[in-house]
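Here the structure is laid out as structure tokens; the discussion comes afterwards.
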Amino acid sequence: MGGNILTLDKLADEIIAGRRLKTASAALEKEDGTPNLLQAELGEATAGADRIRKALCGDNGDLCPIVHGKSGGCGEDCNFCAQFRYNHAGIDERGFPVPCSPILGSHSGL
């Protein structure tokens, strides 16, 4: 499996340079020297993913918290979600806003 490292590095370089995989299978099938990521060693794959993340996003990121949608706090209202406003799942409804301190804990300085 260690032979994939150069190919994974090449794929990471191409993605950083602007290549976009159009389907998940584009990364999973051997094509034009692209490795089968399912057979790659985890360390090699995550190293490439980390290089891509650093190049495209840096050390910053946006968080998308899950909020209690039944209380109206979630603007998405995905109809498959148990927290969807009109879902009949037995979920306790709570008031909003939820205090941030129990959620963030020691990370409140972020």
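Just so you know, the sequence shown maps onto residues 165 to 274 in the numbering used here.
Even for Gly, the Cβ is constructed at its ideal location relative to N, Cα and C.
On a predicted model such as this, the values are computed, not experimentally measured, just so you know.
Rounded Cβ spacing between residue i and residue j (contact assumed at less than 8 Å)
i, j, result
"ALA209", "LEU172", "6 Å"
"ALA176", "ARG217", "In fact, because the Cβ distance is near 10 Å, the residues do not count as touching under 8 Å."
Classification of residue i by the beta-carbon crowding that lies within 10 angstroms, buried from 16 upward
i, result
"GLY212", "buried"
"ALA204", "buried"
"LEU206", "exposed"
Own chain residues within Cβ distance below 7 Å of residue i, not counting five before or after
i, result
"ILE179", "ILE216"
"ASP223", "none"
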